[in-house]
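The structure appears right after this line, and notes come after that.
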Amino acid sequence: TVGCTAADLVTAIRAAAATVAEHRVELIQLDRAIGDGDHGENLDRGFKAVLAALGQSTVDDPSAVLKLVATTLISKVGGAAGPLYGTAFLRASTAVKDRAELTAADVAEALTAALGGVVARGKAEPGDKTMVDALTPAVQAATGESITEVLTAAAEAAQAGADATVPLVARKGRASYLGERSAGHMDPGARSTALLLRAFAEAAAR
Ligand code: ADP
Ligand code: MG
Ligand code: MG
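Going by UniProt numbering, the letters in the sequence shown line up with residues 2 to 207, in that order.
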């Protein structure tokens with residue numbers, strides 16, 4: 002397919018929810034090392050609520066799908082990640098308002114807007130050991146002729162960014178309380194960002 006319709010996006014969100022469920026324990030373990038151990042639980046609960054919300058609503062366009070994801074994550078997921086991911090999806094929704102089908106350029110624009118939302122809300126900079134360290138390189142890499150190309154490049158860059166958080170000392174969020182002891186572990190939010198983008202890329206490729 003060329004454009005991403007509301008139905009395509011719902012399929013991609015379902016795939017992301019499945020990925021989060023599969024990686025729930027891994028994300029819990031990453032967060033246990035440098036946080037409070039709830040990241041996998043928080044995201045899994047949130048995306049299960051998203052699945053329920055999608056099942057109960059009719060969504061007319063991609064923007065409406067993204068908005069439903071956003072409002073559900075904001076209302077159902079506590080902690081840092083819920084509001085941050087919620088804001089990311091909300092900004093993405095606004096960026097593609099009134100478009101029946103998203104193009105590759107729209108997807109790149111939505112990712113840029115999502116990063117803007119995370120930064121506006123959380124005030125983290127690259128190198129602070131947060132999801133921003135995955136999302137920033139993802140946005141920079143998000144180019145291509147097709148949605149699959151854009152998302153595949155973004156997902157690969159996000160994972161490289163997540164891997165690069167391992168040696169960093171956290172300067173934002175709960176992990177920052179550990180100071181130097183936060184070094185030597187991958188940031189859970191950076192990992193979940195990479196997982197979400199990979200799920201979207203794989204859904205687009207199908
Ligand atoms: P909490 O830390 O409240 O328990 P989660 O465990 O769900 O929330 O999420 C933790 C993740 O949130 C971190 O791994 C990090 O990626 C992200 N995070 C925390 N604070 C910020 C921030 N200010 N900006 C961007 N991301 C952040
Ligand atoms: Mg946590
Ligand atoms: Mg918590």
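Ideal Cβ positions, reconstructed from N, Cα and C, are used throughout, including at glycine.
Could you pull out every residue in the same chain whose Cβ sits closer than 8 Å to the Cβ of residue i, ignoring the five residues on either side in sequence?
| i | result |
| --- | --- |
| Ala19 | Ala200 |
| Lys49 | Ala18 and Ala22 |
| Thr149 | Ala202, Ala205 and Ala206 |
| Arg100 | Asp62, Pro63, Ser64 and Asp107 |
| Leu91 | Leu67, Lys68, Ala71, Thr72, Ile75 and Gly118 |
| Asp32 | Gly38, Asp39, His40, Gly41 and Pro189 |
| Arg25 | Gly41, Glu42, Leu44 and Asp45 |
| Ala16 | Ala200, Phe201, Glu203 and Ala204 |
Say the cut is 8 Å; is the CB of residue i nearer than that to a heavy atom of ligand 2?
| i | result |
| --- | --- |
| Arg192 | no |
| Asp164 | no |
| Pro189 | yes |
| Asp32 | yes |
Tell me which residues share the same chain as residue i and place their Cβ nearer than 6 Å to its Cβ, disregarding the 5 neighbours each side in the sequence.
| i | result |
| --- | --- |
| residue 255 | No answer is possible for residue 255: the residues shown for the chain start at 2 and end at 207. |
| Thr194 | Met132, Ala135, Leu136 and Ala159 |
| Leu10 | Pro63 and Val66 |
| His186 | Ala34 and Ile35 |
| Gly87 | Ala71, Leu74 and Ile75 |
| Ala13 | Phe201 and Ala204 |
Taking only heavy atoms of ligand 1 into account, decide whether any of them is closer than 8 Å to the Cβ of residue i.
| i | result |
| --- | --- |
| Leu196 | no |
| Ala159 | no |
| Thr20 | no |
| Lys173 | yes |
| Leu179 | no |
| Arg122 | yes |
| Asp99 | no |
| Thr137 | no |
| residue 208 | With the chain covering only 2 through 207, there is no way to say anything about residue 208. |
| Val78 | yes |
| Ala82 | yes |
| Leu44 | yes |
| Asp107 | no |
| Val119 | yes |
Assuming residue i and residue j are in contact, meaning their beta carbons sit under 8 Å apart, how far apart are those beta carbons, in whole angstroms?
| i | j | result |
| --- | --- | --- |
| Ala165 | Ile35 | Actually they do not touch by this definition, with Cβ atoms about 15 Å apart. |
| Val140 | Thr104 | About 17 Å separates the two Cβ atoms, so there is no contact after all. |
| Ala89 | Ala125 | Their Cβ separation, rounded to whole angstroms, is 13 Å, which puts Ala89 and Ala125 out of contact at 8 Å. |
| Ala111 | Val60 | That belief does not hold up - the Cβ atoms of Ala111 and Val60 are roughly 15 Å apart, past 8 Å. |
| Gly128 | Leu169 | 6 Å |
| Glu102 | Cys5 | 6 Å |
| Lys130 | Ala176 | 6 Å |
Could you tell me which residues DSSP puts in a beta bridge with residue i?
| i | result |
| --- | --- |
| Leu152 | Its beta-bridge partners do not exist; DSSP assigns none. |
| Leu44 | In the DSSP output, where bridge partners are listed per residue, Leu44 has none listed. |
| Leu31 | None, per the DSSP bridge assignment. |
| Leu103 | Cys5 |
Sorted by chain position, which residues of the same chain lie with C-beta nearer than 7 Å to residue i's C-beta, five sequence neighbours on each side aside?
| i | result |
| --- | --- |
| Leu28 | His40, Gly41, Leu44, Pro189, Arg192 and Ser193 |
| Thr144 | Ala109, Val151 and Ala154 |
| Ser58 | Leu69 |
| Arg46 | Lys77 and Val78 |
| Ala184 | Pro168, Leu169 and Val170 |
So with Cβ pairs under 9 Å, would you call residue i a contact of chain B?
| i | result |
| --- | --- |
| Leu136 | The structure shown contains no chain B, having only a single protein chain. |
Any heavy atom of ligand 3 nearer than 5 Å to the CB - residues listed: Asp37, Asp39 and Gly80
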